[in-house]
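K.L.:
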Amino acid sequence: MPEPFELLDAAMNERRLQLRMNWQQVAETAGISYTALRAIRRGDYRPTELTSHRLDDALQWEPGSVQAVMRGEPPRGREDRAGSPPTPAASPTPALSPDQETVRRVVRATARELGLKPDELDELMILVRKDLERMSDSGGNVDGSGGRRAG
């Protein structure tokens with residue numbers, strides 16, 4: 005019988021492909037480093053309860069699925085209310101440029117790290133938009149200097 009980490013690696017690989025995610029996206033969505041995810045996949049590190057929960061969320065599995073897989077049980081995927089397969093939440097939006105996708109990931113990671121709630125993030129994004137509009141109107145810098153710094 006395969007080792008628990010081998011079962012987990014195979015199940016996570018299958019699920020990430022279903023969700024059209026790469027390993028870096030799985031790690032980012034779970035809020036763990038790529039190195040930590042690789043160590044889990046190789047069996048060098050057994051995921052803690054918190055990490056297991058984060059991986060369940062990132063892979064859109066029911067809570068407890070990571071631990072279930074390591075016991076030899078199948079993961080339980082979350083289905084949306086209509087019963088259709090889950091949507092690839094972490095995959096890049098096709099309409100975004102690579103630079104825009106980078107900004108999206110940075111904002112998402114920063115909001116998660118700071119513990120911002122969605123409504124707080126909405127308010128901040130409105131302020132950022134206003135700042136950008138003022139930058140555009142003033143030649144590229146909010147203070148109107150056009151990007152030039154006083155020497």
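Adding 4 to a residue's 1-based position in the sequence shown gives its number in the numbering used here.
Don't be surprised by glycine CBs; every beta carbon is placed ideally from N, CA and C.
Let's test the definition: count the other Cβ atoms within 10 Å of the Cβ of R24 and tell me whether it reaches 16, buried, or not, exposed.
P.N.:
Locating residue 24 in the sequence shown gives position 20, counting from the first residue. Classification for R24: exposed.
K.L.:
Check the DSSP bridge columns for W158 and list the partner residues they point to.
P.N.:
Residue 158 falls outside the range modelled here, since the chain spans only 5 to 155, and no answer is possible.
K.L.:
Taking only the alpha-carbon atoms, compute the straight-line gap between D60 and D135 and give it to the nearest angstrom.
P.N.:
Taking the first residue of the sequence shown as 1, we reach residue 60 at position 56. Taking the first residue of the sequence shown as 1, we reach residue 135 at position 131. The straight-line gap from Cα to Cα measures roughly 37 Å.
K.L.:
Under the rule that 16 or more other beta-carbon atoms within 10 Å means buried, what is I130, buried or exposed?
P.N.:
Stepping through the sequence shown from its first residue, residue 130 is reached at position 126. With fewer than 16 Cβ atoms within 10 Å of its Cβ, I130 is classed as exposed.
K.L.:
Taking only three categories from DSSP, how would you classify S140?
P.N.:
Counted from its first residue, the sequence shown places residue 140 at position 136. Three-state DSSP puts S140 in a helix.
K.L.:
Once you ignore the five residues that flank A15 on each side, which residues in its own chain have a CB closer than 7 Å to its CB?
P.N.:
Numbered from its first residue, the sequence shown carries residue 15 at position 11. V73, P79.
K.L.:
Comparing C-alpha positions only, which one of D103, E7, R108 sits nearest to G47?
P.N.:
The residue you call residue 47 lines up with position 43 of the sequence shown. Selected option, being the one with the closest Cα: E7.
K.L.:
Pick out whichever of L41, P122, Q29 has its Cα sitting closest to the Cα of V106.
P.N.:
On the sequence shown, residue 106 is found 102 positions in, with the first residue counted as 1. For clarity, residue 106 is Thr in the given sequence; the question names Val instead. It is Q29 whose Cα lies nearest to the Cα of T106.
K.L.:
Can you tell me which of T33, L21, L12, M5 puts its alpha carbon nearest to the alpha carbon of R108?
P.N.:
Working through the sequence shown from its first residue, we reach residue 108 at position 104. Ranking the options by Cα distance to R108, first place goes to T33.
K.L.:
For the alpha helix (DSSP H) that contains M74, what are its first and last residues?
P.N.:
Along the sequence shown, read from residue 1 onward, the residue named residue 74 stands at position 70. Per DSSP, M74 belongs to the alpha helix (DSSP H) from 69 to 74.
K.L.:
Measure the CB-CB distance between A31 and L21 and report whether it falls below 8 Å.
P.N.:
Against the sequence shown, residue 31 aligns to sequence position 27. Against the sequence shown, residue 21 aligns to sequence position 17. Not closer than 8 Å, so no.
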